[in-house]
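All residue numbers for the sequence shown refer to the UniProt record's numbering, where the first residue is 1 and numbers rise by one.
In what follows, a structure is listed as structure tokens, so that the remarks can point back to it.
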Amino acid sequence: MGEKCTDMYLVSALHGHCSIVSLLLKYNSSVVSVCDWCGVTPLIDSCRGNHDAVVMLLLKSGASVSESDNMGLTCLHVAAQAGSCKVMQLLIEDLNMDVNLATKKSKFTPLHCAASSGQLDAVRMLLLNGSDPTLKDTHGRQAQEVLCPGPKRQDILILLRKSELHKNEA
1 MGEKCTDMYL
11 VSALHGHCSI
21 VSLLLKYNSS
31 VVSVCDWCGV
41 TPLIDSCRGN
51 HDAVVMLLLK
61 SGASVSESDN
71 MGLTCLHVAA
81 QAGSCKVMQL
91 LIEDLNMDVN
101 LATKKSKFTP
111 LHCAASSGQL
121 DAVRMLLLNG
131 SDPTLKDTHG
141 RQAQEVLCPG
151 PKRQDILILL
161 RKSELHKNEA
């Protein structure tokens with residue numbers, strides 16, 4: 001498949017153009033695993049964009065939820081980072097992705113990704129699905145220690161601390 005067609009495929013997945021992705025897959029099913037120079041696949045891009053229909057199409061066409069980009073971020077990490085809650089629900093509840101899966105290099109979990117991006121709803125969803133707020137990255141930081149400045153910072157911090165207290169009481 002040519003570079004321009006691959007670019008169109010990646011852009012279509014990122015922007016949720018299910019019919020274009022479907023047509024490209026029909027033309028060449030091997031494109032399901034193409035990636036850009038950062039290792040980002042159409043599945044990862046569609047998770048970032050919260051496009052659950054494209055995600056389902058790609059999975060039915062052979063894409064794997066275990067694939068990761070060059071930084072080790074999986075679909076769930078990227079969806080959490082972007083606050084793509086529809087896709088997160090699909091990945092967690094329907095596909096049983098591990099909410100505590102850490103990247104190999106940085107040991108960032110989806111919770112670290114959501115917290116560092118200020119994604120309150122994603123943090124809440126991860127915690128409700130068993131994410132462990134006490135897990136640490138390679139620098140020894142928990143999710144509450146990688147929070148970005150922003151309007152939801154305090155709410156996220158409260159959620160993480162409450163969840164940590166409940167975990168310690170159990």
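By construction, the Cβ of each residue, glycine as well, lies at the ideal position given by its N, Cα and C atoms.
Ignore the nearest five residues each way along the sequence and tell me which others in residue i's own chain have a CB closer than 6 Å to its CB.
| i | result |
| --- | --- |
| Glu67 | Thr41 |
| Ser163 | Leu127, Pro133 |
| Cys5 | Note that Cys5 scores 48 on pLDDT, short of 50, meaning its location in the model is unreliable and no value can be drawn from it. |
By how many angstroms is the C-alpha of residue j removed from the C-alpha of residue i?
| i | j | result |
| --- | --- | --- |
| Tyr27 | Leu76 | 28 Å |
| Leu24 | Val87 | 22 Å |
| Leu135 | Val54 | 31 Å |
| Gly150 | Gly118 | 7 Å |
| Gly2 | Val21 | Residue placement at Gly2 is poorly supported in this model, since its pLDDT is 48, which falls under 50; the coordinates are not used for a value here. |
| Leu120 | Cys35 | 29 Å |
| Met56 | Gln89 | 12 Å |
| Gln142 | Ser19 | 41 Å |
| Asn129 | Trp37 | 33 Å |
| Val99 | Gln154 | 22 Å |
Mind reading off the beta-carbon distance from residue i to residue j? Whole number of angstroms is fine, and I expect it under 8 Å.
| i | j | result |
| --- | --- | --- |
| Val65 | Leu95 | 6 Å |
Take residue i and list the residues in its own chain whose beta-carbon comes closer than 8 Å to its own, dropping the five residues that flank it on each side.
| i | result |
| --- | --- |
| Lys167 | Asp132, Pro133, Thr134 |
What does a CB cutoff of less than 7 Å around residue i pick up in its chain, not counting 5 residues either side in sequence?
| i | result |
| --- | --- |
| Leu157 | Gln144, Leu147 |
| Val78 | Ile44, Cys47, Arg48 |
| Leu91 | Val65, Cys75, Leu76, Ala79, Met97 |
Cβ of residue i less than 8 Å from any chain B Cβ?
| i | result |
| --- | --- |
| Ser131 | The displayed structure is made up of one protein chain only, and chain B is not part of it. |
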